[in-house]
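Chemist:
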Amino acid sequence: MFREGPYRFYFFSREEPRKHVHVICPDGEAKFWLEPHVELAVANRISPQSLRTVEAIVENRKQEIIDAWYRHFSD
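In structure tokens:
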């Protein structure tokens with residue numbers, strides 16, 4: 032979907048219907064729910080500092096991510 036710095040944001044096709052985004056970086060990975068508000072779903076080996084950074088990116092780009100979700104899953 033997109034990259035920002037060392038973070039790559041993406042979707043898994045048909046994983047589950049609730050809107051969410053995955054992120055991976057050199058020190059780990061995480062998954063965030065997008066609705067009703069941005070919330071950490073799971074984190075694996077990602078540092079607290081990276082987690083805060085990623086959550087801020089998701090918050091700032093939430094509408095862009097949701098729009099991409101609809102494009103990705105409209106097929």
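The sequence shown runs 32 to 106 under our numbering.
Note that CB positions come from ideal geometry on N, CA and C, so glycine has one too.
Just so we're clear, the structure is a prediction, and the values are computed from it rather than from any experiment.
#1: Tyrosine 38: buried (16+ other C-beta within 10 angstroms of its C-beta) or exposed?
#2: Keeping to the same chain, check which residues put their C-beta closer than 6 Å to that of glutamate 35; ignore five residues upstream and five downstream.
#3: DSSP three-state label for valine 89, please.
#4: Just how far apart, CA to CA, sit proline 67 and alanine 61?
#5: From what residue to what residue does the beta strand (DSSP E) around lysine 62 run?
#6: What are the boundary residues of the beta strand (DSSP E) that includes arginine 39?
Modeler: For this structure:
#1: Using a 10 angstroms sphere on the CB of tyrosine 38, the tally of other CB atoms reaches 16 or more, which defines it as buried.
#2: Ile88
#3: helix
#4: Taking the straight line joining both Cα atoms gives about 18 Å.
#5: From DSSP, the beta strand (DSSP E) with lysine 62 extends over 59-64.
#6: For arginine 39, the enclosing beta strand (DSSP E) stretches over residues 38-41.
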